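Residue numbers (the numbering used here): 4 to 120. Don't be surprised by glycine CBs; every beta carbon is placed ideally from N, CA and C. Everything numeric in this text was worked out from a predicted model, so none of it was measured. Let me begin by presenting the structure, written as structure tokens, before commenting on it.
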RNA sequence: AGAGCAGGCCGGAUGAUCGCUGGUCCGUUAGUGCGGAUGAGAGGAAAGUCCGAGCUCCGCAGGGCAGGAUGGUCGCUAACGGCGACUGGGGGUGACCCUAAGGAAAGUGCCACAGAAAACAUACCGCCCUGGGGGAUCGGCAUUGUGCCAUCUCCCGGAGUAAGGGUGAAAAGGUGAGGUAAGAGCUCACCAGUUUCCCGGGUGACCGGGAAAGCUUGGUAAACCCCAUCUGGAGCAAGACCAAAUAGGAGGACGGUGAGAGCGGCCCGCUCAAUGUCCUCGGGUAGUGUCGCUUGAGGCGGCAGGCAACUGUCGUCCUAGAUUAAUGAUCAUCAUCUUCCUGAGGGAAACCGCAGGAAGAUACAGAACUCGGCUUACAGGUCUGCUCUGGCA
RNA sequence: GCGGGCGUAAUUCAGAGGUAGAAUGUCAGCUUCCCAAGCUGAACGUCGUGGGUUCAAUUCCCAUCGCCCGCU
């Protein structure tokens with residue numbers, strides 16, 4: 004298994020899982036995102052992304068999701084095990100590049116370390 | 001050279017690294033799965049969901065009314081509200097563009113304000129003729145008073161007329177002549193229109209020519225409506241399938257009734273069927289399960305027919321199938337455009353093209369059952385044909 | 001994917017072919033020692049955008065933009 008992969012069992016898919024994360028998780032706000040962190044029993048780090056219609060048109064929504072997945076794929080080793088991460092994209096997001104997202108989320112997760120420990 | 005019209009095409013490229021979703025093959029495994037190899041992976045609009053179809057279910061998809069849609073003609077098409085060609089009308093110097101373009105002499109409604117009147121002119125002012133009454137005149141005649149006549153004028157009434165009348169978006173054919181008390185298509189000439197008929201051309205819309213009727217009839221149907229044609233409803237969230245265990249259940253047959261349902265607004269027609277008995281089968285709201293799900297009115301090229309839309313035929317190609325929803329990220333090189341700087345050059349100047357460098361930008365937008373159209377969005381590039389204006393030879 | 005609805009003053013809504021209105025709010029004046037309340041007056045509008053029908057369109061028709069709601 005490669006280090007920078009993004010497999011199916013690493014995704015949050017079911018509506019139930021999303022709702023449980025909203026209930027139990029810790030919320031962190033940033034300029035463009037709301038990140039919710041929650042412990043799970045699976046032994047995996049899992050990622051779920053929520054992008055509503057208010058964020059933009061289909062191209063903007065797809066691009067935002069791809070960039071967030073890319074960040075998870077390249078940086079998941081630095082995160083703790085058995086963690087569910089849900090990222091909600093706020094509305095009115097501008098056209099972002101990977102660098103913008105990397106910088107924003109990097110500082111966000113550094114600050115969050117003491118919360119999850 | 002400038003300005004413009006119509007139509008078509010493209011809509012970033014290459015490489016490296018790290019990933020994502022299917023297909024095929026191989027290995028492994030009881031199987032799920034796991035590993036490896038290989039090849040595939042967004043658009044001209046994939047969008048809006050405005051039309052039309054295929055497909056599926058509603059037993060059948062039947063008739064009539066209602067409702068809805070369309071509206072020049074002929075053709076193309078599986079079909080269409082689409083497309084092509086043509087006709088009429090409007091716009092433009094022109095290339096060309098726009099056009100819901102049937103019926104207002106079937107009926108109903110509406111036409112504010114202004115105006116006599118907005119549609120049955122029974123019509124106000126005015127004009128003309130006339131009956132009755134009053135007043136005036138250095139007026140005329142007769143004359144004691146006064147009366148009669150003429151002219152002007154005021155009031156009340158009758159008849160004729162539609163020439164003229166501030167208006168208004170729109171005013172009851174226009175101009176001229178005759179005619180008359182005054183006038184009027186009342187009559188005539190020319191012009192405009194309407195209806196009917198005839199001849200010629202065209203499949204047809206319609207076009208060209210001629211004759212007759214004084215026929216002159218306001219606008220609005222994207223107001224109701226009439227006429228012609230089409231139209232059952234829902235939609236892949238349609239719909240179908242699935243191992244094991246138990247109850248609720250499901251299906252079939254018989255009997256039974258006409259409430260109720262299919263049925264979407266109504267009627268007809270058709271069908272099912274409450275409850276009961278017997279027999280047979282076992283599964284639902286499961287698992288965000290499998291199928292439907294991508295080969296199709298398919299694309300490309302040649303030839304033939306047709307003005308064209310399009311059709312026929314031959315060859316060739318297979319080209320996304322996700323379901324928290326794949327098709328991406330980073331780096332490098334190049335391409336295109338814009339701005340700025342530098343250099344040599346042309347020019348009186350504005351400026352023009354050439355070479356080099358820097359910075360920035362590269363649109364609109366993401367398949368979700370599939371096609372045919374329409375509409376809308378779009379950085380920039382490119383090709384073809386045509387028109388007008390100016391200059392030079 | 002499918003279906004339905006709404007855009008009018010700063011706000012909430014009327015108006016359905018003929019000069020665009022109501023309530024609340026805003027501003028000014030009167031009243032009061034001052035404020036509130038009350039009274040009087042004023043300002044406020046591309047009728048979401050573009051085109052068409054009509055003499056005339058917020059209203060009718062077509063296209064388009066934005067917003068809201070419902071259906072596994």
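Item, Value
"In chain order, what residues of the same chain have a beta carbon less than 8 Å from the beta carbon of residue 103, not counting five sequence neighbours either side?", "none"
"Between the segment 33-43 and the segment 71-91, do three or more beta carbon pairs fall short of 8 Å?", "yes"
"Just to confirm the assignment, what range does the alpha helix (DSSP H) spanning residue 65 have?", "61-78"
"Does the segment 9-23 come close enough to the segment 55-63 that 3 or more CB-CB pairs lie under 8 Å?", "no"
"Just confirm the distance between the C-beta atoms of residue 86 and residue 40, as a whole number of angstroms; I'd bet it's less than 8 Å.", "6 Å"
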